[in-house]
Amino acid sequence: MKRFVKIFSLALCAALVLSLPALAAEDDLLISPAPEAASLAPVRVWGKVTRLESGSLLLQTDDETALHREVVVHLPEGVPCVDAVTGLPMDMTKVKDGDTLYAWVGNAMTMSLPPQTSALIVVGNVPADYKVPEYYEIVGTDQTVTIAIYPAPERTEVNLPVAGGETLTIPVSAQVTPWLTRQMVNVDSLVPGSQILVWKDKDGNAEKVLLFPYAYRGWYTLNGKGEVTVNGEKLSVNAKLSGPGLLPLRAVAEAVNYEVSWVSGQGATVKEGDKVIFSVLPGAGAAKRPNAEDGEWELLAPCVTEEGVTYLAASDLSLLLDLYFCSE
18 MKRFVKIFSL ALCAALVLSL PALAAEDDLL ISPAPEAASL APVRVWGKVT RLESGSLLLQ
78 TDDETALHRE VVVHLPEGVP CVDAVTGLPM DMTKVKDGDT LYAWVGNAMT MSLPPQTSAL
138 IVVGNVPADY KVPEYYEIVG TDQTVTIAIY PAPERTEVNL PVAGGETLTI PVSAQVTPWL
198 TRQMVNVDSL VPGSQILVWK DKDGNAEKVL LFPYAYRGWY TLNGKGEVTV NGEKLSVNAK
258 LSGPGLLPLR AVAEAVNYEV SWVSGQGATV KEGDKVIFSV LPGAGAAKRP NAEDGEWELL
318 APCVTEEGVT YLAASDLSLL LDLYFCSE
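Heads up, the sequence shown is in the numbering used here, so the first residue is 18 and it goes up one at a time.
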């Protein structure tokens, strides 16, 4: 799940930051996703199971409203398989042919019949007439309007943009629990890039949220003025909006607790402890990644250094630093 979500989100990042020069002239305009990007929400598929020799699942349904009435779902290693009632891990070895499963998958499917795709999450053990929990990816920060009065009214809910262009309202009183950890979480833990499973009551109100491990190092926003925030904190150095949109490497990396230094012959070098994450020289078309399988990352735009500040294209830095781009 982690790998797919990262690739999907970074692809959106590359598409969105390319539009920055047009936004720069509108001082108060924040980056917004293109309509087609906003529609790319995970797809829910469901049906009765036939287990395949490969370990994949064939889901078949007679429901004429289903987008896919027959689909082969592959299960990547580590994909969450959740019991719909308890929210606990479901033992997939006990799933039998004829059982009903729900899965959320990416938009990419093969052209074969039936189409094939990979699961982001699987939900099973759903009782008859039970309201199936829904899977969401949070793509923005809380949109709740705050009334400027004193004392400030008590917060009762958060309104979070999710993939697909919808806004998900979650009461502050909702039960928020982590998946497979004992981490203390609440509605403030639901940051951009989070993946969640939400149980709703009969009226459609969220009452329970299962929060999966965060797939990123952090998240950032970039507006039409070139202002950058990382994990909600504004940086002191702005981005350059020329070309693909360039982020200040050191400021962004240090904001997510990496160490940055200048090494002769290697250029700007980002480390975590003794481990080199990447290094890049001004004018270079690739970043060196000595601890990665590929050894280097071909850059969308060359590294730029101006007035002592090193910049990289936003989409490149997102991948190299493992960041989620939050379109506000």
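Quick reminder that beta carbons are idealized off the backbone N, C-alpha and C, glycines included.
C-beta contact flag for residue i and residue j at 7 angstroms
{"i": "Cys320", "j": "Val287", "result": "no"}
{"i": "Val88", "j": "Tyr119", "result": "no"}
{"i": "Ala58", "j": "Gly210", "result": "no"}
{"i": "Ile187", "j": "Val202", "result": "no"}
{"i": "Thr134", "j": "Met126", "result": "yes"}
{"i": "Arg172", "j": "Leu338", "result": "no"}
{"i": "Val247", "j": "Pro265", "result": "no"}
Cutoff 7 angstroms; reference residue i; Cβ partners in own chain excluding five residues on either side
{"i": "Thr161", "result": "Glu174, Val175 and Asn176"}
{"i": "Ser49", "result": "Residue placement at Ser49 is flagged as unreliable, the pLDDT there being 32, under the threshold of 50; the coordinate-derived value follows with that caveat. Once the five neighbours on either side are set aside, the close Cβ partners of Ser49 are Ser344."}
{"i": "Val193", "result": "Val202, Asn203, Val204, Ser206, Val226 and Leu228"}
{"i": "Arg61", "result": "Tyr119 and Trp121"}
{"i": "Met109", "result": "Cys98"}
{"i": "Val293", "result": "Thr286, Pro307 and Asn308"}
Reference residue i, options the options, closest by Cα
{"i": "Glu244", "options": "Leu263, Ala232 and Pro150", "result": "Leu263"}
{"i": "Lys113", "options": "Gly64, Leu338, Asp311 and Ala285", "result": "Gly64"}
{"i": "Ser344", "options": "Trp236, Thr117, Gly260 and Trp216", "result": "Trp236"}
{"i": "Phe342", "options": "Leu239, Ala330 and Thr198", "result": "Leu239"}
{"i": "Glu151", "options": "Tyr275, Tyr167, Glu276 and Val226", "result": "Val226"}
{"i": "Cys13", "options": "Gly141, Thr134, Val60 and Ile155", "result": "As displayed, the chain neither begins before 18 nor continues past 345, which places residue 13 out of reach and without an answer."}
{"i": "Ala136", "options": "Pro144, Asp100, Val143 and Glu94", "result": "Glu94"}
{"i": "Val143", "options": "Pro170, Asp100 and Gly123", "result": "Asp100"}
{"i": "Val102", "options": "His85, Lys217, Met128 and Leu92", "result": "Lys217"}
{"i": "Gly249", "options": "Val273, Leu266 and Leu258", "result": "Val273"}
{"i": "Lys219", "options": "Tyr275, Lys111 and Asp146", "result": "Asp146"}
{"i": "Pro178", "options": "Ala285, Pro170, Val156 and Ala268", "result": "Val156"}
{"i": "Val96", "options": "Ile138, Arg86 and Thr322", "result": "Ile138"}
{"i": "Pro106", "options": "Leu214, Ala270, Glu276 and Gln283", "result": "Leu214"}
{"i": "Thr184", "options": "Gly123, Pro299, Asp116 and Ala223", "result": "Ala223"}
{"i": "Ser71", "options": "His91, Gly123, Thr78 and Arg86", "result": "His91"}
{"i": "Pro132", "options": "Ser73, Pro168 and Asp80", "result": "Ser73"}
{"i": "Pro299", "options": "Gly325, Thr82 and Gly123", "result": "Gly325"}
In DSSP terms, what residue i is bridged to
{"i": "His91", "result": "Ser135"}
{"i": "Arg61", "result": "Trp121"}
{"i": "Glu151", "result": "Val215"}
{"i": "Ala304", "result": "Trp314"}
{"i": "Gln200", "result": "Beta-bridge pairing links Gln200 to no other residue."}
{"i": "Asp100", "result": "Gly141"}
{"i": "Ala8", "result": "Outside the displayed span of the chain (18 to 345) sits residue 8, for which this structure offers no information."}
{"i": "Thr286", "result": "Ser278 and Ser296"}
{"i": "Ala330", "result": "Leu263"}
{"i": "Tyr237", "result": "Val247 and Phe342"}
Status (buried if at least 16 other CB within 10 Å, exposed otherwise) for residue i
{"i": "Ser278", "result": "exposed"}
{"i": "Leu130", "result": "exposed"}
{"i": "Tyr153", "result": "buried"}
{"i": "Ala304", "result": "buried"}
{"i": "Ser190", "result": "exposed"}
{"i": "Asp291", "result": "exposed"}
{"i": "Leu340", "result": "buried"}
{"i": "Ser281", "result": "exposed"}
{"i": "Ile166", "result": "exposed"}
{"i": "Gln200", "result": "exposed"}
{"i": "Thr327", "result": "buried"}
{"i": "Gly221", "result": "exposed"}
{"i": "Asp159", "result": "buried"}
{"i": "Gly241", "result": "buried"}
{"i": "Gly284", "result": "buried"}
{"i": "Ala270", "result": "buried"}
{"i": "Leu69", "result": "exposed"}
Neighbourhood of residue i by C-beta distance below 6 angstroms, restricted to the same chain and skipping five residues each side
{"i": "Asp45", "result": "A caution first: Asp45 carries a pLDDT of 34, below 50, which makes its placement in the model unreliable, though a value can still be read off. Correct list: empty, nothing qualifies."}
{"i": "Thr67", "result": "Leu75 and Asp114"}
{"i": "Ala318", "result": "Gly260, Pro261 and Ala330"}
{"i": "Leu252", "result": "Val245 and Ala268"}
{"i": "Gly104", "result": "Leu227"}
{"i": "Ala51", "result": "No answer about Ala51 holds up, because its pLDDT of 34 lies below 50 and its placement is not dependable."}
{"i": "Pro195", "result": "Val202 and Leu228"}
{"i": "Gln212", "result": "Glu154 and Phe229"}
{"i": "Glu276", "result": "Lys288"}
Contacting residues, own chain, Cβ-Cβ under 8 angstroms from residue i (five flanking each side not counted)
{"i": "Leu316", "result": "Val297, Ala301, Gly302, Ala303, Ala304, Leu329, Ala330 and Asp333"}
{"i": "Gly312", "result": "Lys305 and Arg306"}
{"i": "Trp314", "result": "Phe295, Ala303, Ala304, Arg306, Asp333, Leu336 and Leu337"}
{"i": "Asp116", "result": "Lys65, Val66 and Gly141"}
{"i": "Thr198", "result": "Pro230"}
{"i": "Arg86", "result": "Gly64, Gln77, Thr78, Asp79 and Asp80"}
{"i": "Leu323", "result": "Going by the sequence as given, residue 323 is Glu instead of Leu. Once the five neighbours on either side are set aside, the close Cβ partners of Glu323 are Lys257."}
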